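Note sheet for the following structure.
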Amino acid sequence: MSMIGNFGICPKSNYNHLVNLLEKNPSPETDAFIEEIYSILQESEGNLENDKCSGEVFLALFDYLKTAHGIDVHNNIVAESFGEKWRAATEDYDIVVFNEKDPILSLENAINYNELAEYINDFYQTDYNNAGQTACSVLFRNLKSTKEDEVLIWHLY
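For the sequence shown, the working numbering gives the first residue as 115, with consecutive numbering after it.
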């Protein structure tokens, strides 16, 4: 199984505007704005690390962060309907918005990579070797490269 999951950058002002649109009353303008943000994400993907491991490793990593460290990356989506509207407009399978990176970056020296490898292997019942450590390193580097006026977004398609 191999799924594609990529990181992209979105201006924080665009993300906040989209959240405001969703909190009011989603309209055709909302869908058009999602498509605009999607284009921005795709344009920025080449500037980030996206070719180190497959999307399913990130899915397991995100589950590990929730289970082992209490960080639910899917809780970062402010508007309740954000994920649903995003998937409908883009046909992505999943989206994670990292609008607060400090909780995850605080784990950089605390993650037990042997435990993570075992978790991912158990998650998929197959040997992923050190793919979890690679995914973690990619996530940390991409978060660190995100400026204050930007939001890091990961999407699975």
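The C-beta atom is built at its ideal place from N, Cα and C for all residues, glycine as well. It should be emphasised that the depicted structure is a prediction, and the values quoted were computed from it without experimental measurement.
message = If you reduce the DSSP assignment to three classes, tell me which class Pro125 lands in.
response = strand
query = Using CA coordinates, which residue listed in Tyr207, Leu132, Ala174 is at the minimum distance from Tyr242?
reply = Ala174
task = Return helix, strand or coil for Leu266, following the three-state DSSP convention.
result = strand
inquiry  = Within 10 Å of its beta-carbon, does Ile234 have 16 or more other beta-carbons around it, so buried, or fewer, so exposed?
reply    = buried
key: Straight-line Cα distance separating Val187 from Glu170   = 15 Å
query = Does the distance from the C-beta atom of Leu155 to that of Gly122 stay below 7 Å?
reply = yes
ask   = Buried or exposed: Gln247, going by 16 or more other Cβ atoms within 10 Å of its Cβ?
value = buried
key: Check whether Val265 and Cys124 have beta carbons under 7 Å apart   = yes
task = Any chance you could list the beta strand (DSSP E) runs of at least 3 consecutive residues sitting entirely within the segment 163-224, in chain order?
result = 208-212
query = By Cβ distance, which residues of its chain are closer than 7 Å to Thr260, with the 5 residues on each side in sequence left out?
reply = Ile123, Lys215, Leu266
message = Quick check on DSSP: helix, strand or coil for Asn243?
response = coil
ask   = Is the beta carbon of Ile293 sitting closer than 7 Å to the one on Trp200?
value = The chain is shown from 115 up to 271; residue 293 falls before or after that span and cannot be answered.
key: Straight-line gap, Val210 to Leu253 (C-alpha atoms, nearest Å)   = 12 Å
Asp206 and His131 closer than 7 Å at C-beta = no
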